Amino acid sequence: MRYKDETIRQVAARWYARIQASAPDALERTSFEMWLMTDERHRRAYQRVEATMEQLRADKTHLPNSIADTSTCLLADRASHHRLSKLGYFILACLLSVALGFVSRAYYMQWQAAPRSSQVQVTAMAQILKRTLDDGSVVTANANTVMEIVFYRDRRIVKLKQGEAIFEVAKDPQRPFVVETAHATVKVLGARFAVNLLSQKLRISVDHGQVSLARTDRDTSPRLLHQGEVAEIEQTFAPHLVQRNAADGFSFVHNRIVFDRADMFEVADTLSRYRIPAVKAMFFGNQTPKVNAVIHTSEIETFIKTLPHYLPVTLNMQKEALVIEPQPF
6 MRYKDETIRQ VAARWYARIQ ASAPDALERT SFEMWLMTDE RHRRAYQRVE ATMEQLRADK
66 THLPNSIADT STCLLADRAS HHRLSKLGYF ILACLLSVAL GFVSRAYYMQ WQAAPRSSQV
126 QVTAMAQILK RTLDDGSVVT ANANTVMEIV FYRDRRIVKL KQGEAIFEVA KDPQRPFVVE
186 TAHATVKVLG ARFAVNLLSQ KLRISVDHGQ VSLARTDRDT SPRLLHQGEV AEIEQTFAPH
246 LVQRNAADGF SFVHNRIVFD RADMFEVADT LSRYRIPAVK AMFFGNQTPK VNAVIHTSEI
306 ETFIKTLPHY LPVTLNMQKE ALVIEPQPF
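For the sequence shown, the positions run 6 to 334 when the working numbering is used.
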């Protein structure tokens, strides 16, 4: 029986320390009240804890009103510690334990949030770079691509600033792999997919696995992509599937460029990865001619020269860029 009573006193002291440390939420308050009503001894034990603490506060021991002051007061009032009852010491220990718990959690959160590694990867004009990351994932970056790779203890982040890349992600259920752009987030646990960041849209092509695609600048539901699917995000629209061959998104590793109903903005963005000066498209709105073509990267200049022969466009060489414009009426 004495063991049972001692256990009840310890639980009562813990409840007191927890409630004094911070305001309990509704669920915790309900649990506390149910514990009080379960047994009359619980209520008596808690009342005794409260009475003991009131007596200690009235005494010259100056029991701290905040958890942050507990350790200081324990040292400052060493001369009067002999007056504290065994229960009083236990309550102070509980308060100090809670305080240390908060501090430990703060340090843990700070430790968890600190990157384990961080690096910036830049590919030059007409360069393709393939590399294996620390976790075993493989990234193949197309020409003129910029990305920042940051690995944390609980997640793996790639911030794609510009360009195009293929990601073959090593499975790690404890650390999701996330590709971030200015307007979208691509999240996977293990998959092979390609991300093409264009000026007017973002395109995701999935070779295998599952990929979650969501906007970051609007409150829209994520879109789950499966093997062989392609999705795009355009301007302010939600992610949507498009009828394209997913394999086209991986063609650049073979030095091939695939245009499938590509508008002039996509053509300009893509060609600019391989040549200087860059190519720009100057069209009103999104109404531009569309092109279907498969070309080798060595054929880019020939392809550009033939555009006015097959499409109602003109080429205007300016100081800093080659501009594709609509033919005048």
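Beta carbons: idealized from backbone N, C-alpha and C, even for Gly. The structure displayed is predicted, hence computed values, not measured ones.
Collapsed DSSP secondary structure at residue i in the structure displayed
i	result
ASP159	coil
GLU234	coil
VAL284	strand
VAL54	helix
ARG289	According to the sequence displayed, residue 289 carries Phe and not Arg. The answer is coil: DSSP assigns PHE289 none of H, G, I, E or B.
LYS176	coil
SER217	strand
Beta-ladder partner(s) of residue i, from DSSP
i	result
GLU153	VAL125, LYS164
MET269	Note: MET269 sits in no beta bridge, so no partner.
GLU147	Looking at the sequence itself, residue 147 is Asn, so the reference to Glu does not match. Answer is none; ASN147 lacks a bridge partner.
HIS245	GLU237
SER210	ALA199, VAL235
ILE262	ILE300
ARG23	According to DSSP, ARG23 bridges with nothing at all.
THR137	VAL143
Sequence-distant residues of the same chain with beta carbon closer than 6 angstroms to residue i, five excluded per side
i	result
GLU11	none
TYR21	VAL54
ILE154	GLN124, VAL163
VAL263	ASP253, SER256, VAL299
Beta-carbon gap between residue i and residue j smaller than 9 angstroms
i	j	result
ARG266	ASN291	no
VAL258	VAL247	no
VAL151	THR128	yes
LYS324	GLU271	no
VAL200	GLN215	no
ALA148	GLN132	yes
LEU229	PHE198	no
GLU330	THR319	yes
GLN232	HIS213	yes
7 angstroms CB neighbourhood of residue i in its chain, flanking five on each side removed
i	result
ALA326	PRO282, ALA283, VAL284, LYS285
SER204	PHE270, ASP274
PRO227	SER217, LEU218, ALA219
VAL328	LYS285, MET287, ASN321
Close Cβ partners of residue i (< 8 angstroms) along its chain, the five nearest in sequence each way excluded
i	result
PRO181	ARG160, ARG161, LYS192, VAL193, LEU194
Would the region 272-281 count as touching the region 222-241 if we require 3 or more Cβ pairs under 8 angstroms?
By the criterion of at least three beta-carbon pairs nearer than 8 angstroms, the region 272-281 is not in contact with the region 222-241.
Would you call the region 175-191 in contact with the region 214-233, where contact means no fewer than 3 C-beta pairs closer than 8 angstroms?
As far as the Cβ criterion goes, the region 175-191 touches the region 214-233, which means the pair count is three or higher.
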